[in-house]
Structures are given as C-alpha cells and as structure tokens.
Amino acid sequence: MPSPSDLRVLVVLPAWNEAGSLPAVLTELREHLPQVGVLVVNDGSTDATSAVARAHGVDVLDLPFNVGVGGAMRAGFRYAIVNGYDAVVQVDADGQHDPRDVPRLVSGLDGADIVIGARFADVGDYRVRGPRWWAMSVLSRVLSRMAGARLTDTTSGFRASGPRAVRTFAVRYPAEYLGDTIESLVIAVREGLTVTQVGVAMRERSAGQPSHRPWKAAVYLLRACLALLIALTRSRQAPVEAVTA
Amino acid sequence: MSGHLFALVSALVMLVFMVELLRRRRLREKYAALWIAVAFFVMVGVIFPHMLEGLASLVGVTLPVNLVFAGALLLLLLVCIQLSAELSTSEAESQTLAEEVALLRNRVERLERSAGDEPRPPVVDPGAGHPPG
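Chain order of the listed sequences is C and W. For the first sequence, counting from 1, position 181 maps to 561 in our numbering; every step adds exactly one. For the second sequence, counting from 1, position 128 maps to 112 in our numbering; every step adds exactly one.
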C-alpha cells in the first residue's frame, strides 16, 4: 500500500446552488492545497455554480438534475477512478470544512481506508442539541461498534477515502437520503474496509442557513434511524473486486 | 338494467380497453396482465354467481359482497405497492444515467478543449431544481 504522500488526491465538492460560497472555498483550496486535484460536482444547480467553478479553472461535472449528495459523490468516485486518482476527499461547498484539515485526513489514510473529519472529537466548538443530537449519538454508537473504532460524528460529510474505498464506492455508493453518510459506512465496514476519525473544527457556513427547526430535527432522527436499520438488515452483496473484474 | 348485465358490460369494456392499450403499445404487458385478470374474474363471477357465494362461505365471510370489497381493496393496495417499486427502480436508473451523462459531458469538454474550443457551462432550467428524498 502506498504511503499518503504518494497518493494522487482528488477533492470532490458536491455543490447544489452554492455559487455564493464556492469562490471562497475554491480560492482557499488553491492556496493551501496547490498539488491536489479539485472536482466540483454541480448537482443540478439553477444558479451560476457551474460557471463559477469553471471560472476558477477546476474540473466540473454537471449533473442534468438534482440527485442528492450520494449521487453526486458516486459520480465523483467514478471520475476519480477514470482519471487515475488514488484517494478522494469530500469537502462541502458551503465553506464549513477547512481545507487546511485535508492533509490530516489524507495522512490518516495510512492506517485506514476511510477517515472521517469529526466535529465532536474535542476540537472546535461545534454543538447540536435535542433530537438531532440524540440521533447522532445513537448512530455513532452503533457504527462505532460495527467498525471497531471510536467514531463520534458519523454524519459528517468531511471524509477521505483511500484506494480500496474509492474502488468500492465507485460501484456501490448509496444514493438514498442519508445514504452518503450512514449507509456508506455500513457498506464499507461490511466490505472489510477500516474506518477511523480525525478531529476537525467546523466553521460557520459562508452563505446559506443550517436547518435547526425542531420538527425538521425529529424527521431527521426518524429517517436516520430507518436508514440505519434498513442498511443493517440488507443482505451482503458480492465483494466489489469480483464485480469489477 | 339488471345488476348482472351492468357488471358484465363493465368487465367487457375494461377487457377491450386493456387489449386496445396493449395493441397501441401505450401500456406494457406487465402492468396490463393484472387488469386483464381482474376483468376476467369479474366476468366469471357475473356468469356464475354461485361461485362467489361458495367462495364466501368457504373463507368464512357472511355477505359475499363483502368478500368482493375486501378483495378489491387488497388488490388496489398491491397495485400501489407495485407502482411504488417500479417508480423506485425507474428513479435509480435515471439517476445513474444522470451521473453517466455528467461524466460523458466532462469527457466531451476535454476533447473539445484539446481541439481548441472553449466549452461553456450547460444551460440551466430554473424549474428543474428540486431536492430529492
């Protein structure tokens, strides 16, 4: 297995109507990570997301309509394989992930196939309360036990995938609601991939508002638990090596 | 008009309608088969009313008409579930196609760029964006 410094790294930003926050994120990525590839997956945006990304000279995938983060990431993983990248780092286009944490995530790929940038690992001051927090802690406990590692933030969208994970996800990345966070980890663990986490600080979104309404949180809790239960009861599929060969 | 005649005519009309839709390729066989079967059983029930009464007493339903209602409800429920399943398959397929289109568009743009053209972003449809899930 190659060491992280040898990996060709692709940063994938799934973006749905993020023309407002994208320029700052792309500028930061260029500044702090000049050597990595950057791909913006324009997920059916109705604003200038695609044009903004092109103006910054990064690669762009334009999905003809909105398919959600899961579908956008699957396209990103397939792009990575076709273009010879070894590792994929998912970064939110809304600016809440700090590009300076990317090298720490990538160096974590030394000992694991997937590295999650966790918001509750004693770094930063990101806090949530109420049903959303209950949902997150239940999910974290179940997935930690499955993965055999302490995972405190399984719904984080900030994560790095190593070569084996990229191969698996290019074929089998769930496009369901919440599939990109919860079910993807279940699939990875069942494929025998190892998961670990690195503490990161979250920043305020540079544009747009996070959703913190109580009823939305309750719906989120129910859907998250349903997604986890369904993923756990799903029967094992043939390993990806056999599928791609 | 007697009730029997009405039911018989309805079942016949439905049968003809289904066959006609199939003939014009407006309906795929896997969806039509169920309705053709329904029309067929309604006709059998109309022509031989005693079969329904026998069936009702066999499964322990006092009024035969209640058996018809319960059966109809169950059937409609199953059809709804089948349609949801087919729709899910269809959504997953169109999503995979969307990803494939995006990858191919990227490839075409690379080729255009290497040929000296400057590709532009796609034209967006302001009504197309809606969150999934």
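The beta carbon of each residue, even a glycine, is placed where N, CA and C say it ideally should be. As the structure is a prediction and not an experimental result, all values here were calculated from the model.
Measuring CA to CA, which of R480(C), R525(C), L531(C) is closest to R499(C)? L531(C)
Which residues of chain C have a Cβ atom closer than 8 Å to the Cβ of P106(W), listed in chain order? S430, D442, P444
Use the C-beta contact count for A435(C): other C-beta atoms within 10 angstroms, 16 or more gives buried, fewer gives exposed. Around the C-beta of A435(C), fewer than 16 other C-beta atoms lie within 10 Å, and the residue is accordingly described as exposed.
Measure the Cβ-Cβ separation of L573(C) and D493(C) and say whether it is below 9 Å. yes
DSSP has L390(C) in a bridge; who is on the other side? G417(C), V468(C)
In the DSSP assignment, what are the bridge partners of N50(W)? The partner list for N50(W) (beta bridge, DSSP) is empty, contrary to what the question assumes.
Identify whether T576(C) lies in helix, strand or coil by the three-state DSSP scheme. strand
Alpha carbon of G542(C) to alpha carbon of A467(C), nearest angstrom: Their backbone Cα atoms lie some 5 Å apart in a straight line.
DSSP state of S520(C) mapped onto helix, strand, coil: helix
DSSP state of E398(C) mapped onto helix, strand, coil: coil
Which one of A455(C), A607(C), L601(C) has the shortest CA to CA distance from E563(C)? Distances from the CA of E563(C) to each of A455(C), A607(C), L601(C) were compared; the closest alpha carbon is that of A607(C).
Apart from the five residues on each side of it in sequence, which residues of its chain come closer than 8 Å, Cβ to Cβ, to M35(W)? V28, G29
Are the beta-carbon atoms belonging to A56(W) and P48(W) less than 9 Å from one another? Between A56(W) and P48(W), the gap from beta carbon to beta carbon reaches 9 Å or more.
Please identify the residue among F32(W), E4(W), R8(W) whose C-alpha is closest to the C-alpha of I20(W). E4(W)
Cβ distance (whole Å) where D427(C) is taken to contact N446(C) below 8 Å: Incorrect: roughly 12 Å between the Cβ atoms, too far for contact.
9 Å is my cut-off, CB to CB: does V447(C) come that close to chain W? Contacts with chain W at 9 Å (Cβ-Cβ) include V447(C).
If we define contact as Cβ-Cβ less than 9 Å, is D439(C) a contact residue for chain W? yes
I need the straight-line Cα distance from G44(W) to T73(W), nearest angstrom please. 39 Å
Are E83(W) and R539(C) touching if we call contact CB-CB under 9 Å? no
Looking at chain C, which residues of the segment 79 to 92 of chain W have a Cβ within less than 9 Å of any of its Cβ atoms? Q79, T80, L81, A82, E83, E84, V85, A86, L87, R89, N90, R91
Measuring CA to CA, which of L62(W), A86(W), F24(W) is closest to V440(C)? A86(W)
Report the residue from A604(C), L609(C), D386(C) whose alpha carbon sits nearest the alpha carbon of D490(C). D490(C) has its Cα closest to that of D386(C), out of A604(C), L609(C), D386(C).
Under three-state DSSP, which class holds V107(W)? coil
Per-residue burial, A407(C) [other beta carbons within 10 Å of its own, 16 or more giving buried]: In the sequence as displayed, the identity of residue 407(C) is Thr instead of Ala. Exposed: under 16 other Cβ atoms inside 10 Å.
Do A515(C) and A604(C) have their beta-carbon atoms positioned less than 9 Å apart in this structure? yes
Give me the residue from Y600(C), E556(C), D560(C), L523(C) with the minimum Cα distance to V471(C). V471(C) has its Cα closest to that of D560(C), out of Y600(C), E556(C), D560(C), L523(C).
For G(-13)(W), report the span of its alpha helix (DSSP H) as first-last. Here the alpha helix (DSSP H) through G(-13)(W) covers -13 to 7.
For V418(C), which of Y465(C), P444(C), V449(C) has the nearest alpha-carbon? Y465(C)
Pop quiz: V391(C) and V416(C) are said to be a contact at Cβ under 8 Å. What is the actual Cβ separation, rounded to whole angstroms? 5 Å
Do you know how far the Cα of R89(W) is from the Cα of Q79(W)? 15 Å
Once DSSP output is grouped into helix, strand and coil, what is the label at V440(C)? strand
Inter-residue spacing [alpha-carbon to alpha-carbon] between H412(C) and G448(C): 28 Å
Simplified DSSP state of R10(W), which is helix, strand or coil: coil
Going by DSSP, what residues sit across from A498(C) in a beta bridge? For A498(C), which the question treats as bridged, DSSP gives the partners G579(C).
Spell out the partners DSSP gives A540(C) in its beta bridges. Looking at the DSSP assignment, A540(C) forms a beta bridge with V469(C), V495(C).
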